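A short write-up of the structure that comes next.
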Amino acid sequence: FFNLFQSIQILKNGVQTLNYNCIKGITPNAERTKDVVSNSIGIITAINPHVGYDNASDAAKESLKTGEPIRDIIVRKGLLTHAELDIILDIFNMTNPGISGKDLLDKKKKDKKNK
């Protein structure tokens, strides 16, 4: 057991050193973080349930090929509006369990039933 406790102590000291020398005092650059997320190809995952796999895949491929942001491609193709994308890509919606912007999907299904 001595080796186990010694290893735990070494790990604890390493974590404390990492925290003190590297992590404490770090503050995120909110504007840069927002830019990185909004220009990431990964946001297509949140948009996929709203536009369908084929449309999402085509938009992702086009974005990779041209460098145009996913958001702009989706709006240009008329798949979603800016307002809908704002709801879907809201940081709180995307980080909660489930489908981001599920209320929009439910509303669209309800509207289809009523037609």
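With the sequence shown counted from 1, adding 681 to any position gets you the numbering used here.
By construction, the Cβ of each residue, glycine as well, lies at the ideal position given by its N, Cα and C atoms.
None of these values were measured; they are calculated from a predicted model.
Item	Value
Coil, strand or helix - F773 by DSSP	helix
Through-space distance from K789 to I707, alpha-carbon basis	42 angstroms
Euclidean distance between Cα positions of D739 and I722	12 angstroms
Residue from L770, K794, V756 whose Cα sits closest to the Cα of S719	L770
Test item: CB-CB of L745 and E765 under 7 angstroms	no
Residue environment, A711, which counts as buried when at least 16 other CB atoms sit within 10 Å	exposed
Segment limits, alpha helix (DSSP H) that includes E743	734 to 747
Where N795 sits in the DSSP three-state scheme	helix
For N774 and G782, the rounded distance between their alpha carbons	7 angstroms
Nearest-angstrom Cα separation, counted from K715 out to Q697	30 angstroms
Classification of V717 by the beta-carbon crowding that lies within 10 angstroms, buried from 16 upward	exposed
Endpoints, the alpha helix (DSSP H) within which K758 is located	Element bounds for K758: n/a, residue is neither H nor E.
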